[in-house]
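Asker:
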Amino acid sequence: MSIPLPTTMHEWLLASSGFACLLLLVRLIVTGSFSYLFLPWNLMLAFIPYWITGWMINNIPVMESRVKLFLTLAAWLVFIPNSFYIITDLFHLSHYTAAPKWFDLLLLFSFAWNGIICGVISIRHVEILISSTRGKKYAGLLILGVMWLSALGIYIGRFLRYNSWDILTDPFSLAGDILHMIIHPFQNGYAWGMTLCYATFMTLLYFTIKKLSESFTVTK
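First residue of the sequence shown? That's 17 in the working numbering, and the numbers climb one at a time after it.
#1: For residue 171, which option in 224, 117 and 103 has the closest C-alpha, if you only look at C-alpha atoms?
#2: Taking only runs of the alpha helix (DSSP H) that begin and end inside the segment 44-116, which ones reach a length of at least 4 residues, in chain order?
#3: Reducing DSSP to helix, strand and coil, say where residue 228 ends up.
#4: Mind the definition here: the segment 156-175 touches the segment 214-227 only if three or more C-beta pairs lie below 8 Å; say whether that holds.
#5: Buried or exposed: where does residue 45 fall if 16 or more other Cβ atoms within 10 Å of its Cβ makes it buried?
#6: Quick check: the Cα distance between residue 175 and residue 105, rounded to an integer number of angstroms?
#7: Classify residue 169 as helix, strand or coil using the three-state DSSP reduction.
#8: Taking just the CA atoms, how far does residue 182 sit from residue 84?
#9: Kindly list the residues whose CB is nearer than 6 Å to the CB of residue 210, restricted to its own chain and excluding five residues on each side of it in sequence; keep chain order.
#10: Mapping the DSSP letters down to three states, classify residue 151 as helix, strand or coil.
#11: For residue 131 versus residue 207, is the C-beta distance shorter than 7 Å?
#12: Around the C-beta of residue 69, are 16 or more other C-beta atoms found within 10 angstroms, so that it is buried, or is it exposed?
#13: When DSSP labels each residue in this structure, what does residue 24 get in the three-state scheme?
#14: Quick check on the burial criterion: 16 or more other C-beta atoms within 10 angstroms. Buried or exposed for residue 205?
#15: Helix, strand or coil for residue 236 per DSSP?
#16: My guess is that residue 138 and residue 99 are in contact by the Cβ rule of under 8 Å, so how many angstroms apart are they, rounded?
#17: When you compare the CB positions of residue 51 and residue 112, do they come within less than 7 Å of one another, or not?
#18: Name the residue from 185, 159 and 169 whose alpha carbon lies nearest to the alpha carbon of residue 194.
#19: By Cβ distance, which residues of its chain are closer than 8 Å to residue 79, with the 5 residues on each side in sequence left out?
#20: Might you give, ordered along the chain, the residues of its own chain that have their beta carbon closer than 7 Å to the beta carbon of residue 143, omitting 5 neighbours on each side?
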């Protein structure tokens, strides 16, 4: 009996995510270590903006309402940094030694890769929506802004240890820390340096994958 292969991007993404989770399960069984059990949670958070924009693409008439579009995009903007935040889980490669380094590298990269793909697809969905309503130039500027905010969100999540929901549960502390970074940029050179590097990398990553996809399109 043949095993059916995935046929859509969504199915391939789920298959790739399943492989990452399988690697984690194998590590857990072989080593008995629970070190990386945070990875599926981080990947689930990475999927949230992907699900949000997937819903938006499939409900275009609902998005014709400016209020609904704004609220949906605001919720998306809160969660989109999670798709790229998972890149920083590679920091943990040197923390745990229960499994071979090559295995842990593959494990961490598998989760990070799926998070990145979720983010890229999600941002592409938003670019398509905004391009159709406000034009390509406006959409391009929006993408650049999203990358900057995502990079800042990565720093805030990794080093200041805030989560997406802290916007609701601890808004004043979060706002205070961000305001301190803005008012005292030279005191926070490390933060802005990381934000700049990650924003640039993610922008290049997004447009490279986008152009790569377009280069595979056969024009009749």
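For every residue, glycine included, the Cβ atom is placed at its ideal position computed from N, Cα and C.
Answerer: Answer, in terms of the structure:
#1: As a first step, residue 171 is located in the sequence shown; it is residue number 155 there, counting from the start. Residue 103 is the option with its Cα nearest to residue 171.
#2: List check, alpha helix (DSSP H) in window: 54-73 and 82-101.
#3: The residue you call residue 228 lines up with position 212 of the sequence shown. In this structure, residue 228 counts as helix in the three-state DSSP scheme.
#4: They touch, by the three-pair rule.
#5: Along the sequence shown, read from residue 1 onward, the residue named residue 45 stands at position 29. Around the beta carbon of residue 45, fewer than 16 other beta carbons sit within 10 angstroms, so the residue counts as exposed.
#6: Counted from its first residue, the sequence shown places residue 175 at position 159. Counted from its first residue, the sequence shown places residue 105 at position 89. When rounded, the distance between both Cα atoms is 12 Å.
#7: Indexing the sequence shown from 1 puts residue 169 at position 153. Taken through DSSP and simplified to helix, strand or coil, residue 169 comes out as helix.
#8: Start at 1 with the first residue of the sequence shown, and residue 84 comes out as number 68. Start at 1 with the first residue of the sequence shown, and residue 182 comes out as number 166. For residue 84 and residue 182, the distance between alpha carbons rounds to 22 Å.
#9: Indexing the sequence shown from 1 puts residue 210 at position 194. So the list reads 171, once near-sequence residues are dropped.
#10: Translated into the one-based positions of the sequence shown, residue 151 becomes position 135. If DSSP states are grouped into helix, strand and coil, residue 151 belongs with coil.
#11: Residue 131 sits at position 115 when you count from the first residue of the sequence shown. Residue 207 sits at position 191 when you count from the first residue of the sequence shown. Taking 7 Å as the cut-off, the Cβ atoms of residue 131 and residue 207 do not count as close.
#12: As a position in the sequence shown, residue 69 is number 53, starting the count at 1. The residue in question, residue 69, is buried, as its Cβ has 16 or more Cβ neighbours within 10 Å.
#13: For the purposes of this step, residue 24 is taken as residue 8 along the sequence shown, with counting starting at 1. It is coil, neither helix nor strand.
#14: For the purposes of this step, residue 205 is taken as residue 189 along the sequence shown, with counting starting at 1. With a 10 Å radius around the Cβ and a threshold of 16 neighbouring Cβ atoms, residue 205 comes out exposed.
#15: Here residue 236 corresponds to residue number 220 of the sequence shown, with the count starting at 1. Residue placement at residue 236 cannot be trusted, given a pLDDT of 45 that sits under 50; what the coordinates show is reported in the next sentence. It is coil, neither helix nor strand.
#16: Indexing the sequence shown from 1 puts residue 138 at position 122. Indexing the sequence shown from 1 puts residue 99 at position 83. Between residue 99 and residue 138 the Cβ distance is about 6 Å, and since that is below 8 Å, they are a contact.
#17: Working through the sequence shown from its first residue, we reach residue 51 at position 35. Working through the sequence shown from its first residue, we reach residue 112 at position 96. Their beta carbons are under 7 Å apart, which means residue 51 touches residue 112 by this criterion.
#18: By 1-based counting over the sequence shown, the position of residue 194 is 178. When each option's Cα is compared against that of residue 194, the closest is 169.
#19: Here residue 79 refers to the residue found at position 63 of the sequence shown. Closer than 8 Å at the Cβ level, and outside the excluded window around residue 79, lie 72, 85, 88 and 145.
#20: Taking the sequence shown and counting its residues from 1, the one referred to as residue 143 is at position 127. 155 and 159, listed in sequence order.
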